[in-house]
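Visitor: This is the structure I want to talk about, given as C-alpha cells.
Residue numbers (our numbering): 752 to 839.
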C-alpha cells in the first residue's frame with residue numbers, strides 16, 4: 752500500500768528519541784562572535800550530529816550578553832547522550 756512519508760518520519764523520530772538516539776536541550780552561550788560556534792564545535796568533536804538549532808535573544812530574562820540555543824542532536828545511544836551531557 753501507500754506509505755505516508757510524513758507519518759513515517761514522525762514514527763522514526765519518536766523511535767530515535769525513545770532509544771536515546773535523538774535528544775533535545777537548551778544551552779546558554781555567549782552572544783559574542785564565536786559563542787554558537789564553540790557550542791557546535793563541542794558537539795561535533797563529541798560525535799553529535801546537529802539536526803536542528805534555534806537561538807533566542809529577545810525573550811530572555813538573563814544577562815544581555817547571553818543567548819539560549821535550543822538544539823536537537825542525533826546520537827549513537829544512551830552512553831553517547833551521557834558523554835554529550837558531561838561535555839556541556
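C-beta: ideal position from N, C-alpha, C; glycine also.
May I have the straight-line CA-CA distance separating residue 772 from residue 784, to the nearest angstrom?
Guide: Reading the chain shown from its first residue, position 21 is the one you call residue 772. Reading the chain shown from its first residue, position 33 is the one you call residue 784. Going by the C-alpha atoms only, they are around 30 Å apart.
Visitor: Taking 8 Å as the cut-off, does the region 779-796 touch the region 762-771 (at least 3 CB pairs, one atom from each stretch)?
Guide: As far as the Cβ criterion goes, the region 762-771 does not touch the region 779-796, which means the pair count is below three.
Visitor: According to DSSP, simplified to helix, strand and coil, what is residue 799?
Guide: Within the chain shown, the letter at position 48 stands for residue 799. Reduced to three states, the DSSP call for residue 799 is coil.
Visitor: Do you know whose CA, among 753, 829, 778, lies nearest residue 806's CA?
Guide: Your numbering for residue 806 matches position 55 in the chain shown. It is 778.
Visitor: Three-state secondary structure (DSSP) at residue 812?
Guide: Taking the first residue of the chain shown as 1, we reach residue 812 at position 61. If DSSP states are grouped into helix, strand and coil, residue 812 belongs with coil.
Visitor: Give me the Cβ distance between residue 818 and residue 780, rounded to the nearest whole Å; I'm assuming they're in contact under 8 Å.
Guide: Indexing the chain shown from 1 puts residue 818 at position 67. Indexing the chain shown from 1 puts residue 780 at position 29. Between residue 780 and residue 818 the Cβ distance is about 6 Å, and since that is below 8 Å, they are a contact.
Visitor: Are the beta-carbon atoms of residue 808 and residue 770 separated by less than 8 Å?
Guide: Here residue 808 corresponds to residue number 57 of the chain shown, with the count starting at 1. Here residue 770 corresponds to residue number 19 of the chain shown, with the count starting at 1. For residue 808 and residue 770, no; Cβs fall outside 8 Å.
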